[in-house]
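Peer 1: Line by line, the protein sequences give chains E and P. Per our numbering, residue 1 is the first one in the first sequence, and the count goes up by one each step. Per our numbering, residue 1001 is the first one in the second sequence, and the count goes up by one each step. Using N, Cα and C, we set each Cβ at its ideal position, and we do this for glycine too.
Number of protein chains: 2
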Amino acid sequence: MSAMPASAAPTPPRATVAIDDAELQQLDAFWRAANYLAGAMIYLQDNPLLRQPLAPEHIKQRPLGHWGASPGLAFAYAHLTRLIRHHDLDAIFLAGPGHGAPGILGPAWLEGSLGDRQPQRGWGLAGLTRFCRDFSFPGGLGSHCTPEVPGSIHEGGELGYSLSHAFGAAFDNPELLVTVMVGDGEAETGPLATAWHSNKFLNPARDGAVLPILHLNGYKIANPTILARIPREELLALFTGYGWAPKIVEGHEPAAMHRAMAAAMDECLEEIRAIQQAARSGKGPLQRPRWPMIVLVSPKGWTGPKQADGHQVEGTWRAHQVPLADPRNNEENRRLLQEWLQSYRPQELFTEDGEPAPLLQDFAPRGRRRLGANPHANGGLLRLPLDRPDWRQQAVTFAAPGSRRHSNTDPLGRHLGQIMQKNPSNFRLFGPDETASNKLGAVFEVTGKAWLGESRPEDADGGHLAADGRVMEMLSEHTLEGWLEGYLLTGRYGLLSTYEAFAHVIDSMFNQHAKWLEMCRDVPWRAPVGALNLLITSTVWRQDHNGFTHQDPGFLDLVVNKSPAVTRIYLPPDANCLLAVADRCLGETDVINVIVADKQAHLQYLDAEAAALHCARGIGLWDWASSDDEAGTEPEVVLASCGDVATQEALAAAELLYRHFPDLKLRFVNVVDLFTLTPPEEHPHGISDRDWTGLFTADKPIVFNFHGYPWLIHRLAYRRPNHANLHVRGYKERGSICTPLELAMDNQIDRYSLAIDVIDRVPRLAVAGAHVKQALEQKQQQCRAHAHRHGVDPEEINTWTWGGQP
Amino acid sequence: MSAMPASAAPTPPRATVAIDDAELQQLDAFWRAANYLAGAMIYLQDNPLLRQPLAPEHIKQRPLGHWGASPGLAFAYAHLTRLIRHHDLDAIFLAGPGHGAPGILGPAWLEGSLGDRQPQRGWGLAGLTRFCRDFSFPGGLGSHCTPEVPGSIHEGGELGYSLSHAFGAAFDNPELLVTVMVGDGEAETGPLATAWHSNKFLNPARDGAVLPILHLNGYKIANPTILARIPREELLALFTGYGWAPKIVEGHEPAAMHRAMAAAMDECLEEIRAIQQAARSGKGPLQRPRWPMIVLVSPKGWTGPKQADGHQVEGTWRAHQVPLADPRNNEENRRLLQEWLQSYRPQELFTEDGEPAPLLQDFAPRGRRRLGANPHANGGLLRLPLDRPDWRQQAVTFAAPGSRRHSNTDPLGRHLGQIMQKNPSNFRLFGPDETASNKLGAVFEVTGKAWLGESRPEDADGGHLAADGRVMEMLSEHTLEGWLEGYLLTGRYGLLSTYEAFAHVIDSMFNQHAKWLEMCRDVPWRAPVGALNLLITSTVWRQDHNGFTHQDPGFLDLVVNKSPAVTRIYLPPDANCLLAVADRCLGETDVINVIVADKQAHLQYLDAEAAALHCARGIGLWDWASSDDEAGTEPEVVLASCGDVATQEALAAAELLYRHFPDLKLRFVNVVDLFTLTPPEEHPHGISDRDWTGLFTADKPIVFNFHGYPWLIHRLAYRRPNHANLHVRGYKERGSICTPLELAMDNQIDRYSLAIDVIDRVPRLAVAGAHVKQALEQKQQQCRAHAHRHGVDPEEINTWTWGGQP
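#1: Taking just the CA atoms, how far does residue 62/E sit from residue 244/E?
#2: How would you write the range of the beta strand (DSSP E) that residue 1472/P sits in, first residue to last?
#3: Since residue 197/E and residue 242/E should fall inside the 8 Å C-beta cutoff, what is the C-beta to C-beta distance between them, to a whole number of angstroms?
#4: Between residue 240/E and chain P, is the shortest Cβ-Cβ distance under 8 Å, so that the two count as touching?
#5: Taking 7 Å as the line, does the beta carbon of residue 118/E fall inside it for any heavy atom of the ligand COA?
#6: Could you pull the start and end residues of the alpha helix (DSSP H) that residue 1271/P belongs to?
#7: Would you list, in sequence order, the uninterrupted alpha helix (DSSP H) runs of no fewer than 4 residues that lie entirely inside the segment 1139-1225 of chain P?
#8: When you compare the CB of residue 1746/P with every CB in chain E, is at least one pair closer than 8 Å?
#9: Is the beta carbon of residue 364/E sitting closer than 8 Å to the one on residue 151/E?
#10: Given that residue 1193/P touches chain E, what residues does it touch there, using C-beta distances under 7 Å?
#11: With which residues is residue 250/E paired in a DSSP beta bridge?
#12: Kindly indicate if chain P contains any beta-carbon less than 8 Å away from that of residue 512/E.
#13: For the alpha helix (DSSP H) that residue 1075/P lies in, which residues bound it at each end?
#14: Excluding the 5 residues flanking residue 1516/P on each side, which residues of the same chain have their C-beta closer than 7 Å to its C-beta?
#15: Does any C-beta atom of chain P lie closer than 8 Å to the C-beta of residue 738/E?
#16: Which residue's Cα is closest to the Cα of residue 523/E: 727/E, 629/E, 141/E and 479/E?
#17: Please confirm whether residue 1513/P and residue 1485/P have their CB atoms less than 8 Å apart.
#18: Going by C-alpha distance, which of 689/E, 595/E and 665/E is nearest residue 629/E?
#19: Compute the beta-carbon to beta-carbon distance between residue 249/E and residue 264/E, rounded to the nearest angstrom, for a pair I have assumed lies under 8 Å.
#20: On the three-state DSSP scale, how would you describe residue 585/E?
#21: Give the straight-line distance between the Cα atoms of residue 1552/P and residue 109/E, rounded to the nearest whole angstrom.
#22: Secondary structure at residue 494/E, three-state DSSP: helix, strand or coil?
#23: Expressed to the nearest angstrom, what Euclidean distance is found between the alpha-carbon atoms of residue 1441/P and residue 1413/P?
#24: Do residue 1559/P and residue 1591/P count as a contact pair if the criterion is CB distance below 8 Å?
#25: From the DSSP output, in three-state form, read off residue 1567/P for me.
#26: Is the segment 123-139 of chain E close to the segment 175-189 of chain E, with three or more CB pairs under 8 Å?
#27: List, in order along the chain, the chain P residues whose C-beta lies closer than 7 Å to that of residue 309/E?
#28: How would you label residue 1259/P, buried or exposed, when you count the other beta carbons within 10 angstroms and need 16 or more for buried?
#29: Going along the chain, which residues of the segment 1488-1510 of chain P sit with their C-beta nearer than 7 Å to a C-beta in chain E?
#30: Of all the residues that make up the segment 1709-1723 of chain P, which are near chain E by a beta-carbon distance shorter than 7 Å?
#31: Residue 620/E bridges to which residues according to DSSP?
#32: What whole-angstrom Cβ distance do residue 172/E and residue 492/E have, given they're in contact under 8 Å?
#33: Using a Cβ cut-off of 8 Å, which residues of the segment 544-557 of chain E contact any Cβ in chain P, in chain order?
#34: According to DSSP, is residue 1706/P part of a helix, a strand, or is it coil?
#35: Give the interface partners of residue 138/E over in chain P, defined as CB-CB distance under 7 Å, in chain order.
#36: By the criterion of Cβ-Cβ separation under 7 Å, what are the contact partners of residue 1418/P in chain E?
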């Protein structure tokens, strides 16, 4: 093997003077002002410009906030601002480090973008006082970059996603520069550690650029960070290995650091432009470039208190949060606080009236070029409507309900392909290595899989790899979800298909995105963004040989914990219902749509028009499968289903019952939109209690066959009329290597168990049904024996089609 | 900056002949036999030695399984086996690549360890036939390394955790070599990408060694892998940057590959021993070594069919699963299957009687040295009882219930410190950077934080870093959970404390571990392993300035989806209850204990003896807070609580009610063990319906104040008597930056809302209580106004103590 190539060595910043003294002073003043504001935000509820000596009543009773990461964030913000000014750049900035809001809010206030959105906290003494007071204060501003923070598409409340968010923002935004500060604490998380590989999926001709600034701040809450405590050679090797060209900017003396950072930023932009020009010139094949990045090494709590209470503060983990304890009551610390804040010379930075000094006002770019005002960070402003062809073009046709078997997801793949054709730069499909396996492969007739890694001859044989592919596949659900979120929040559309059991990998990301959307509802200037669409497939009921570990329908239980204003769950029973549901979801905004649909071949029940109607209602009685249709009669029992396999088994149970009890009055209800089950006071999709009773009766037994864990249905419906008669079957954590029917039987969602359930619950069948029950139980045993003998279900099960009601 | 140092270049395998021809032949035969078995397992239900020409009836109706990763796994297994033989090594092997079981089951069958555990599938023609047939067959063996697979501590059903599991196994096992194969697909996941940094936490003097073999198999299900498609220089830089010394073994010609791999394995062991000897010699300070690792580059589906159906198979993603389609019906593919299997020359590898040929039998080590029989991989065999001092030594004392405020977690920290002192090599504490912040810092009087990164002078000031520290802190919940699982499964004990909202980061890992434990219940030879203890802290109710993103008590909703045989949830209301609960949990086996307890100062209610009794019961009536104690009287209302903050507010509500309605008969019930609420048929901790009614009455209103999402209580209790009267308060996704009381009010779990709830539900208070309700509502408004004016709750709230019942 060869030694490391020269290219692996860091690019040394060039010796050119990138910033002259006047600009340096201006930039430094902006930075000092930002640092001053960060300190003031944490501590002060009054006297924000220190016009009077600091007195206890000026200080918050409970100072809260995180100082440690703020100076570094403001430093990067200021230098990116300089770059924007020089080049009239279209750029946004993502703050990765935890609790980084003070480092962003200060600059946003200074450039006026914060005041544009929150006039009560804008320029002027009253606004400034309120701005400082409201930080980390009840009803005020949070310590992360919440949706209220102008310029933010990355909340940062949970660590690990800044870099994938940045790439999502850059995709299909060729003119955009996405600068992202990655904290060295955050860098230890798994999601962040693999997101560095996103550079294998960024196309320099088509996409924008991502400029990461890894902030070696040195410390987390109470520990050094790993990356700050490995030899510099290892650090550089690591990022070279990730495919980046790292530049180091290191030090603590402000002027020298400003010069080094300005030079590094200039070089990065130059290199980015060279890469983009080369790729866009059309000369030669597109190759993955080695994009530049910056490693910023500066002390934690830089420029803050050096010492307090006998301990070093600046440059240690003690600078993480509130660096000086209790200055309201501790006179010495109050003196230190005053000294610290005065060290920024606020009198030079703010006018008498509480506005940024003219020097600072002049520093900020104008209008939408300000980082807090760039419309990409309020992506709904740029969002175009999604052009959706009529999904009915892909509808599956058949002679009669339940007469044909067809993959449920394949037609959706065709529809998605058409959407990509019509929306060539604002829709992408995401999935971990499984688009084809999930039977969405029809999209490959239209586009490929984005791939800037090396190519090999064999790729030509069905690999579908393409630098300009619009299908995003990487074996990291975290990265995919992060990309998609970044893509949506900057005004585009997408869908992520993932394995049901492993949707839990992104539970926490789902939670955070739901919370982001919910918070946006209170931020009137946030324009609507495309729905986050999750297609949950390879579901629990078809894990034939994958076994117990691949069986988990519990993602839905997580979803129902989040705000009903932003959560939707659909379980379409067949291909046309999946088309109808998915098409609607794709065009929606400001919600998360979770669609559960298995990829395998399933029976088809509803033609396009019936599917459209059924999905619009979300729940409905299936006449063709019911026997209670005589006017004025009530059914003896309601058999309900939700989910594709659950519906098939429920229908087969109905058929068995009709065969054995031709006079049974059974009503068949199917649920597509899970939230129809919950009262309308609890979710906007909930049907009225009157409609509920119309479907489920006031007093008849209900046997409900559910795709997921059974108690979820009770949770949604426990306040409904006739709940006492609701009997739910679903997955109850029983499974191993088994055939589909065997797994259904283990969890009692199979046709035989359901038929027995009905018999048990209809009083007049108690006696008449005894021998039928026995026969059904025998049938179960035979099926199980067949599976264990042949490894497959009996042919009559695999080829079963709906035989109709009596 | 300097260029890459020479050390970053890969160590070239030396030219020494490490393996002679005879041994090579023997090893190769073992490998060929393993590959033969992998193919046979996937396809054959009979004629496993191809004594007859392959006929349709010999082939499974539905061949299932994954061929692609198997040859590489078996290759590494065989070479590790060779190393064990040479050095009488104590070693285990973890299979990371997805669906890797065929590559492990074959070798385990050959060495006899599989037959030891599953005689019905052991040596001999009948056993071999069954072994092949049962793979991926209903009721049979799974396609991952399930608990049924001898030698496995890593199921591999979900990807990303093999490396952290390996490190967990190596901690405190100084003589153990943990070899772990990492798939290049798995390597793309976030958890795996950061787990490489685990080498900063492994102490060569105290811990065993981890030898990773990154398998550049080249492809996932349908895509190339990232690491296989970056320049080799980048790959080496990446692993050098992660702190490893990578060696590459690359090729496809078996003999050359055996020689290269044998040499690489020899060198790795030599380097590992040199590192360990240096560290254990006591000479010089302990430094982080650059541990060796191997990058094995071989074709996917190596030695399998080259071509099928007009496509290249070997060396592409088409080799991932079943490489030849439908050989039962497709004659050409049947011929290819026969040809392929015969290419291993089974007649040389197996005796007439269906046993491994003597050459192979001789190759495997004996007894417990076999990888499938090493007791570390059935860690319960080696597990010693945990020596726990009496937790009462750390009990908090106070004059009367509710009279003193104290951190709930701090005494537990002291108890954990004592446990670490008494169990110096089989207990560790895990947490992401927050042990001190979670008020468990007392452990640092006993031990430090494991740290092999660079040290700096300022670390001496409260950094608690130590190469032999027993507290494991890294900002990756995935890595911590993986370490802990590996540590437990190899027979040790531990506890992971983590932030409540971010427990969701490891939702999926929790699911998988719960499934592992549940599966172990059907594997009689698996000895009991230490409980997985999760302390969920920094809870929803004390997110004062962190806001909405840090509020999520939903981890519990996930837990209740898993098997009741292995799940436990506790919400101790105070410090002594936390001690009692945690101490019990620490000594348990084969369960997951989730303990929810906030770190802040809370009121203390139960002395040590009362706490012991209350926690043993799990639920109980608190006499001292109730007013229904006259014999023969029933209460008018039951006020119940579960969780520390919920209990405080419920008690404060009771006090308000007693003040306003001195004759109110109120019963106060507290729940510690959440599963007591569910019927005993559904969870072993469920109390009887009779006991339920004894506590909650048959018909009185119940106001239940819960820590988490309220519907969880309904889900657990919906089959209980008097459920219709159960009225639950809990977190309902309302929150922002607010004071503790304000957050409680937003979600109506505060004292005032609860008192109003009671008034609304006790009929005789409907009129009498109207003015009290009004006063309470006014009080709420005043509190909110105070918070918004001063940023803190009113002093009377912060200093409230229990005033007693009438």
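Peer 2: The relevant details are as follows:
#1: 43 Å
#2: 1471-1473
#3: 6 Å
#4: yes
#5: Among the components modelled here there is no ligand, and therefore nothing to report on the ligand COA.
#6: 1254-1280
#7: 1162-1170 and 1190-1195
#8: no
#9: no
#10: 190, 193 and 194
#11: 297/E
#12: yes
#13: 1070-1087
#14: 1147 and 1155
#15: yes
#16: 141/E
#17: yes
#18: 665/E
#19: 5 Å
#20: helix
#21: 31 Å
#22: strand
#23: 6 Å
#24: no
#25: strand
#26: no
#27: Within 7 Å Cβ-Cβ: nothing; residue 309/E doesn't reach chain P, min ~11 Å.
#28: buried
#29: 1502, 1504, 1505, 1507 and 1508
#30: 1709, 1711, 1714, 1715 and 1718
#31: 670/E
#32: 7 Å
#33: 544, 545, 546, 547, 548, 549, 550, 552, 554 and 557
#34: strand
#35: 1737, 1738, 1739, 1742, 1787, 1788 and 1791
#36: Those do not exist, as residue 1418/P stays about 22 Å from chain E at its closest Cβ, beyond 7 Å.
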